[in-house]
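What follows is a single structure, written as structure tokens, with notes after it.
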Amino acid sequence: MLRELHVTNLGIVDDLTLLLGSGLTAITGETGAGKTLLVEAVDLLLGGRSDAGLVRTGADEARIEGRFEDEAGGEILLVRVIPAEGRSRAYIDGALATVAQLAEVGATLVDLHGQHAHQALLQGRAQRKSLDRFIGTKAQESLDRLRSARSERNQLDKDLSALGGDERERAREIDLLSFQLDEIERAAIEHAGEDVALEAEEALLSDATNFREALAKAYDAVQSRCRDALGEAVGALNGREPFSGIEQRLRSVEAELGDVADEIRGTLERVVDDPERIEAVRSRRRLLREFTRKYGETLADVLEFAQEIKVRLAELDSYEVRAAEIEERIAQSDAVITESARSLSQARQKASPVLANEVMSHFADLALPNARLEVSLEVGQLTDDGFDEVTFLLAANSGEDLKPLARAASGGEMSRIMLALRLVLSDAPATLVFDEVDAGIGGEAGVAVGRLLAQLGTRHQVLCVTHLAQVASHADNQVTVEKIEVEHRTVAQVSPVVDEKRRSELARMLGGLDTDHARSLADELLSSAADSRVAKKGQS
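Take the sequence shown: its letter number 92 is residue 92 in full-length UniProt numbering, and every next letter is one higher.
Below, the structure written as structure tokens:
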């Protein structure tokens, strides 16, 4: 719900903070005091169209901040900045956002009813969703089956396409893969490190003469001089107990030198000046480099690619069997899709008149005695929501044709119709704002509107701009907006009214003057509203 609204430099609003609680909050004040600016601020916060003309004269920018509390108790901060020049800016939790993103988040938090674009129930998709929520579990189960089957159907289409559905394309793929596999297998790659081993061998063979000379010198030094010197040292210390440790270490070195000498001799025997072998190694390396260029960065990748080719060729060879299996599953999914969509449509057809009648049951109390609502269903394109196009149609007065909700009512009528819808439907955002809900009504109709708004306030946070004391008296909280003059400039300020201040405000709304008679009437309204709440609790 909306916990705090902070507005600066918007019209006659200089710097205004409104703290809000749960239930129904009535926003009252004299005409022109700035009540509409609060609604305008909420509209801007929900991504409404900005207008630099709204910026307070002399200010660089207007700023609207809304602090919301979500169901989990966390906070969401929405900010809209309207500069006197240039494009507006939006922020979500301190991060710069687009106005579209602001609107998307705002739509989950607030629904604004009045002469504004942010009435979710004017959209066909929202109307369909509301009808499904009204139906309940049966609709949700059908939707779940439908969406699951459509998702599976899409994946099966991809699987079938991946198999290679075109016979010519499949034949071309088989030819290409067979050629690639044959090429790799004929190369007879010994192991993933063959290219590295060949590189080392080429380096050794390419300078065989110099390598042999170096190895011969090393062998002579180790075998002739080092081992002879070590043998002489061992002989000198042999049998002399105090030097047995040194003798043992010398014998270890002598043995290690023997191993080194043998390794040098073996390497010397392998290093031969062999031009044919060098050319063979180089040719083999060129071949392997070509494979790593075509089939993978390393020989390990090339060998892995060969295995993948074998798997794919097996799939292509068994295409007919695999394709038949997938097509059978597609047929099963199609059957589930058809059954689920039909079941969903039947549930909607059955529930549509019930929903319309429940909404219309509130019309008389809302000064809409001759209004008619119809929930229309037409067959459209099959989607994850079924094939029904759901439209709420309304005739606000006798003799009028049914029209889509957005085109069928004035601002005040629309607000009251939305109130009736919200009383019946359960899928509304946490915060509902009603503007002009009391336009053109009074007396008993005003009392009924207030009572129904209060009833809605038991399930949602409801903010209502009202001119009627009959409506305001049912509010859990009431704030008043008034104009004052500060340093020769008009400023709107908002403040909560309780106890005597509330009686005075209701008295003003009733008769324009704070008289004893008006106060008495205000007391009657407050008492009647309190009795209505008690009676409602007793019924529940």
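C-beta: ideal position from N, C-alpha, C; glycine also.
Check	Outcome
Strand pairing of THR431, partner residues [DSSP]	VAL110 and GLN461
ASP438 to LEU344 span [Cα, whole Å]	37 Å
Start and end residues, alpha helix (DSSP H) containing PHE291	275 to 295
Test item: CB-CB of VAL7 and LEU38 under 9 Å	yes
Cβ contact check for the region 101 to 115 and the region 359 to 376: 3 or more pairs under 8 Å	no
First through last residue of the beta strand (DSSP E) which encompasses ALA395	386 to 395
Runs of beta strand (DSSP E) wholly within the region 86 to 172 (minimum 3 residues, chain order)	89 to 92, 95 to 97 and 110 to 113
Run of the beta strand (DSSP E) containing ALA41, from where it starts to where it stops	That residue, ALA41, is in no beta strand (DSSP E); its alpha helix (DSSP H) goes 35 to 45.
Environment of LYS129 [buried if 16+ CB atoms lie within 10 Å]	buried
Three or more C-beta pairs below 8 Å linking the region 18 to 30 and the region 470 to 483	yes
Cβ pair SER352, LEU143 closer than 9 Å	no
heavy atom of the ligand FMN below 8 Å from VAL375 C-beta	Here there are no bound small molecules, and the ligand FMN is not part of this structure.
Reference VAL491; option with closest CA among ARG3, LEU16 and LEU5	LEU16
Burial state of ARG225 (16 or more Cβ within 10 Å)	exposed
Reference ARG270, options GLU201, ARG503 and VAL55, closest by Cα	GLU201
Pair within 9 Å by beta-carbon distance, ARG67 and VAL13	no
Assigned secondary structure, ARG407 (DSSP; H/G/I helix, E/B strand, else coil)	helix
First and last residue of the uninterrupted alpha helix (DSSP H) at PHE305	299 to 317
N- and C-terminal bounds of the alpha helix (DSSP H) containing residue 541	With the chain covering 1 to 540 only, the question about residue 541 has no answer from this structure.
Environment of LYS35 [buried if 16+ CB atoms lie within 10 Å]	buried
ASN210, DSSP secondary structure in three states	helix
Same chain, Cβ closer than 6 Å to PRO496, five either side skipped, listed in chain order	VAL479
Alpha-carbon to alpha-carbon, ILE278 and ILE174	38 Å
Whole-Å CB distance - LEU257 paired with LEU230, under 8 Å assumed	7 Å
C-beta contact flag for ALA428 and GLY450 at 9 Å	no
Residue burial classification, ALA522 (beta-carbon count within 10 angstroms, cutoff 16)	buried
ASP51 versus ASP111 - alpha carbon distance	21 Å
Coarse secondary structure for ARG3, derived from DSSP in three states	strand
Cβ separation of LEU313 and LEU177, assumed to be a contact under 8 Å, to the nearest whole Å	5 Å
Residue from THR267, GLU232 and LEU250 with nearest C-alpha to ALA218	THR267
CB of LEU355 within 9 Å of CB of VAL424, strictly	yes
Spatial neighbours of GLU199 in its chain, beta-carbon cut-off 6 Å, leaving aside the 5 residues before and after	none
Length of the line joining the Cα atoms of GLN349 and GLU141	16 Å
C-alpha distance - GLY440 paired with LEU419, whole-angstrom precision	16 Å
CB of ILE64 within 9 Å of CB of LEU44, strictly	yes
Between the CA atoms of ARG186 and residue 546 - distance to the nearest angstrom	Past the boundaries of the shown model lies residue 546; the chain is included only from 1 to 540, so the question cannot be answered.
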